[in-house]
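Notes for the one structure printed next.
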Amino acid sequence: MKTKNPYLMACYALPLWLLLMAASCVPKTELELNKHRQEQDSFMKGSGSPLKSEDKKNFQGLAYFAPDSSYRVEANLTLAPADEQVIELPTSTGKKRKLLTYAYADFTLKGQKCRLTLYKGVEEKTKEDYLFLPFTDPTNGKTTYEVGRYLEPVLKGTKVVIDFNFAYNPYCAYNDTYDCPIPPQENHLPIEILAGEKKFK
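In this note's numbering, the protein residues as written are 790 to 990.
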């Protein structure tokens, strides 16, 4: 069997009696990602799913890009000035959603310097370490949802971990009755993000 994944190649090279330990050759983050995706598919089949009833009947699982560790970065974090904090983002139903501009994440991806704005909720209560990152990129409308995708970055001291493998579609991608914030222009990435969830259907 051919594979480009060096971790799996190492597994195939092991003696047969060690193949039961093959899972240890897969990076922890990839195991976490696979588990997360399985949980997402289970959720989409359940009672709280945003899917329309007709789509739920035929649901076979969400579509994803293959895991790619090159789309996981540790970004430098710069807190936003107090006078720039509260903004209003337009939503998919034409309303406005208030968000708190929390910080700016600076990083290099595929050789390009990037900056994304991180938000927190204003009207709803959120965890202190919860961050909201809506973004767009050139894949939108092609292989990914045309409006954009979301992420929930993880704080790590003075940095923030942004793993685009965990990028997901807003609920309005499955059902237009949902009200979802539209990513702002400042969070448009000039490079294709070939990671995370693909376009539904």
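The C-beta atom is built at its ideal place from N, Cα and C for all residues, glycine as well. Small disclaimer: the values here were computed from a predicted structure and weren't measured.
Span of the beta strand (DSSP E), counted from its first residue to its last, around residue i
i: Glu1014; result: The displayed coordinates of the chain run from 790 to 990. Any statement about residue 1014 would go beyond what the structure contains.
i: Lys885; result: 885-898
i: Leu877; result: Checking the displayed sequence, the identity of residue 877 turns out to be Glu instead of Leu. Unbroken beta strand (DSSP E) run through Glu877: 875-879.
i: Asp952; result: 948-952
Residue i classed as buried or exposed, judged by whether at least 16 other C-beta atoms fall within 10 angstroms
i: Asp926; result: buried
i: Lys856; result: Strictly speaking, residue 856 in this sequence is Pro, with Lys absent from that position. So Pro856 ends up on the buried side.
i: Gly985; result: buried
i: Asn847; result: exposed
i: Ala962; result: buried
i: Pro879; result: exposed
i: Ala892; result: buried
i: Asn823; result: exposed
i: Pro870; result: exposed
i: Thr933; result: buried
i: Ile982; result: buried
CA-to-CA distance, residue j to residue i, given in whole angstroms
i: Ile980; j: Ala852; result: 21 Å
i: Asp895; j: Pro970; result: 22 Å
i: Leu803; j: Val936; result: Confidence is the limiting factor: at Leu803 the pLDDT is only 36, short of 50, which leaves the residue's position unreliable and the question unanswerable from this model.
i: Thr947; j: Asn865; result: 7 Å
i: Ile951; j: Arg826; result: 17 Å
i: Pro972; j: Thr890; result: 13 Å
i: Tyr908; j: Gln829; result: 23 Å
i: Tyr919; j: Glu941; result: 7 Å
i: Ser842; j: Lys987; result: 21 Å
i: Val949; j: Leu868; result: 12 Å
i: Ala811; j: Asp844; result: In this prediction, Ala811 scores a pLDDT of 35, lower than 50, which makes its location untrustworthy; the coordinate-derived value is nonetheless stated afterwards. Each residue's alpha carbon lies about 36 Å from the other.
i: Phe924; j: Tyr939; result: 6 Å
i: Leu944; j: Ser836; result: 31 Å
i: Asn958; j: Ser831; result: 16 Å
i: Gly850; j: Pro839; result: 13 Å
Nearest neighbour of residue i, chosen from the options [CA to CA]
i: Thr906; options: Gly900, Arg886, Phe921, Lys899; result: Phe921
i: Ser901; options: Ser859, Glu941, Val936; result: It should be pointed out that residue 901 corresponds to Gln in this sequence rather than to Ser. Among Ser859, Glu941, Val936, the Cα nearest to that of Gln901 belongs to Ser859.
i: Glu821; options: Thr966, Cys969, Cys961, Phe955; result: Phe955
i: Asn929; options: Val950, Thr966, Ala871, Phe989; result: Phe989
i: Arg904; options: Phe832, Pro870, Glu975; result: Glu975
i: Asp968; options: Lys884, Thr933, Tyr939, Lys987; result: Lys884
i: Ser881; options: Ile982, Asn964, Leu983, Lys987; result: Asn964
i: Tyr960; options: Arg861, Asn823, Glu843, Met833; result: Met833
i: Leu978; options: Lys899, Val943, Phe854, Ala871; result: Lys899
i: Val862; options: Thr818, Gly837, Gln874; result: Thr818
i: Phe953; options: Pro839, Lys887, Phe854; result: Phe854
i: Gly910; options: Thr897, Asp872, Ile876; result: Ile876
For residue i, the residue or residues it bridges with in DSSP
i: Tyr934; result: DSSP output for Tyr934 lists no bridge partner at all.
i: Thr867; result: Tyr893
i: His977; result: Thr925
i: Val911; result: Note: Val911 sits in no beta bridge, so no partner.
i: Leu905; result: Ala894
i: Glu986; result: Tyr853
i: Tyr960; result: According to DSSP, which records beta bridges pairwise, Tyr960 is partnered with nothing at all.
i: Arg826; result: Arg826 is not bridged to any residue.
Residue range of the unbroken alpha helix (DSSP H) whose run includes residue i
i: Lys845; result: 842-846
beta-carbon residue i near the ligand PLP non-hydrogen atom, thresh 7 Å
i: Tyr963; result: Only the bare structure without any ligand can be found here, which leaves the ligand PLP out of the picture.
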